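Following my numbering, the numbering of the sequence shown begins with 463 at its first residue and continues without gaps. Backbone N, C-alpha and C fix where the C-beta goes; we use that ideal spot for every residue, glycine too. The structure displayed is predicted, hence computed values, not measured ones.
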Amino acid sequence: MPRILVTTTFPGCLLARQTPNSSGMWGEFEFIFSPTHEAVDGWVVIDDLPHEIKQVCPRENTLLISGEPQSVRMYRPRFTSQFSRVWTSHASIKHPRLIRRNEGQHWHYAMRAGAIHGKPLAYDELASLARPDKPKLLSVICSNKSVTPDHRQRLEFANRLKAWFGDDIDVFGRGIRTMDDKSEAIWPYKYHIVLENDHSDFFMTEKISDAYLGWSYPIYFGGREAYHRFPEGSFTAIDIYQPEQSISIIQSVLDANTYESSIENIRTARERVLNENNLLAMLAEYFRVEGVQGNPARVSLLPRRKRTRLVLQRVYRAISVPFSRKVA
Numbered sequence: 463m464p465r466i467l468v469t470t471t472f473p474g475c476l477l478a479r480q481t482p483n484s485s486g487m488w489g490e491f492e493f494i495f496s497p498t499h500e501a502v503d504g505w506v507v508i509d510d511l512p513h514e515i516k517q518v519c520p521r522e523n524t525l526l527i528s529g530e531p532q533s534v535r536m537y538r539p540r541f542t543s544q545f546s547r548v549w550t551s552h553a554s555i556k557h558p559r560l561i562r563r564n565e566g567q568h569w570h571y572a573m574r575a576g577a578i579h580g581k582p583l584a585y586d587e588l589a590s591l592a593r594p595d596k597p598k599l600l601s602v603i604c605s606n607k608s609v610t611p612d613h614r615q616r617l618e619f620a621n622r623l624k625a626w627f628g629d630d631i632d633v634f635g636r637g638i639r640t641m642d643d644k645s646e647a648i649w650p651y652k653y654h655i656v657l658e659n660d661h662s663d664f665f666m667t668e669k670i671s672d673a674y675l676g677w678s679y680p681i682y683f684g685g686r687e688a689y690h691r692f693p694e695g696s697f698t699a700i701d702i703y704q705p706e707q708s709i710s711i712i713q714s715v716l717d718a719n720t721y722e723s724s725i726e727n728i729r730t731a732r733e734r735v736l737n738e739n740n741l742l743a744m745l746a747e748y749f750r751v752e753g754v755q756g757n758p759a760r761v762s763l764l765p766r767r768k769r770t771r772l773v774l775q776r777v778y779r780a781i782s783v784p785f786s787r788k789v790a
């Protein structure tokens, strides 16, 4: 069975919980989250490494998946050139073997113990969650961050929403109304307004997936990627840069009882979250198609902050590869 090492800057158990029995297994692949003395068949780095890591792995099977959107983080060639391939939504990244798609960010729904479910939930428990009665109408999560234009616009939009919908909407978020777990802002509500912090074409976070996991109907501001990942009729798009029009759209969605008429679409979208738009399912499909053949070698990968060593390493690779070809 092929083994794939996944290196993250967050606990690997948050990805393992997205597999049956939290086993780290998906289809024919086993995903592990700590380096091993044994060779692995592929190595995936999500966003960055916590420190330098060495692992025996075919270099051609190394893959970087970007994390933050391009409005927040830059991935420079000195870092990305360590990897055989780069999987990203960023238009600015240059790499000879680029995969342009959403990064499959891990779910936050029921990630912690909270008032709704009482404990973190993993794949099997999430898959078996029956649709609940929903006593509340409308919610939105919006932190008080103001780093990017989208951050600032979504905060202004959240204030407009509260002014228009009043007690019919609950606004959650850091610095506004805290929660122990994201499920508290989704599970009781028929509709959940999803505001991405970037609306680039291929960028899509866990925010819309979390809404489906909690059986809510998403009203969505983000890029076009959601249209390719979820069925028609499973969400309604808005543009927070046109706030009056967006509020009118939301009001129409509520007036039409869209939640009640969209249950089957939500169910289908939810199944896609669990089994298709699930990062480990996406990675299993990637390695199934690309294959895991290759000659194992001792590979050393450096974190982004090691700027000087990354530059020297890149120069060394540029010199040594042509030289090795001549020798061969």
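Taking the DSSP output, what are the residues bridged to residue i?
i      : result
Ile631 : Leu600
Trp488 : Phe491
Pro482 : Answer is none; Pro482 lacks a bridge partner.
Thr469 : Val507
Leu763 : Ile515
Arg562 : Thr550
Pro758 : Pro520
Arg639 : Gly635
Along the chain, where does the alpha helix (DSSP H) containing residue i start, and where does it finish?
i      : result
Lys669 : Lys669 to Leu675
Glu492 : First-last for Glu492: Phe491 to Ile494, but that is the beta strand (DSSP E), not the alpha helix (DSSP H).
Arg750 : Leu741 to Glu752
Taking the CB atoms as reference points, tell me whether residue i and residue j lie closer together than 8 Å.
i      : j      : result
Phe634 : Ala625 : no
Pro765 : Glu514 : yes
Ile725 : Ser645 : no
Ser528 : Asp509 : yes
Lys556 : Leu599 : no
Asp632 : Ser601 : yes
Arg616 : Cys604 : yes
Leu675 : Val735 : yes
Phe697 : Ile681 : yes
Ser662 : Gln544 : no
Gln517 : Leu741 : no
Met463 : Glu492 : yes
Phe664 : Ser551 : yes
Pro705 : Arg622 : yes
Ile670 : Ala688 : yes
Trp549 : Pro594 : no
Looking at C-alpha atoms only, which residue of the options is the closest neighbour of residue i?
i      : options                           : result
Asp701 : Arg465, Glu618 and Tyr585         : Glu618
Leu525 : Lys669, Asn606, Ile466 and Glu722 : Ile466
Leu772 : Phe541, Asp717 and Thr730         : Phe541
Ile561 : Tyr748, Gln755 and Gly753         : Tyr748
Arg729 : Tyr703, Gly695 and Ala699         : Gly695
Asn659 : Asn719, Ile712, Asp612 and His690 : Asp612
Pro558 : Arg547, Asn564 and Gly566         : Arg547
Arg475 : Tyr703, Leu583, Gly504 and Pro464 : Reading the sequence as shown, one finds Cys at residue 475 and not Arg. The candidate whose alpha carbon is nearest that of Cys475 is Leu583.
Asp643 : Arg622, Asp672 and Ala620         : Asp672
Val754 : Cys519, Asp586, Ser710 and Pro512 : Cys519
Ile655 : Ala620, Ser590 and Thr498         : Ala620
Leu511 : Glu522, Val468, Glu733 and Ala478 : Val468
Along the chain, where does the beta strand (DSSP E) that runs through residue i open and close?
i      : result
Ala572 : Per DSSP, Ala572 belongs to no beta strand (DSSP E) and is neither H nor E.
Flag residue i as yes if its beta-carbon sits less than 8 Å from any beta-carbon of chain C, otherwise no.
i      : result
Pro531 : Considering every chain present, this structure includes no chain C. It has just one protein chain.
Less than 7 Å separating the Cβ of residue i from some heavy atom of the ligand MG?
i      : result
Pro558 : Because no ligand of any kind appears in the structure shown, any question about the ligand MG cannot be addressed here.
Open item on the list: Just to confirm the assignment: which complete alpha helix (DSSP H) runs, minimum length 4, are found wholly within the stretch 574–624?
Closed with: 585–589
TODO: Kindly provide the ranges of any alpha helix (DSSP H) runs that are 4 or more residues long and lie completely inside the stretch 652–731, ordered along the chain.
DONE: 669–675, 687–691, 705–717 and 720–723
Open item on the list: List, from N- to C-terminal side, the alpha helix (DSSP H) runs of 4 residues or more that fit wholly inside the stretch 501–559.
Closed with: 539–542
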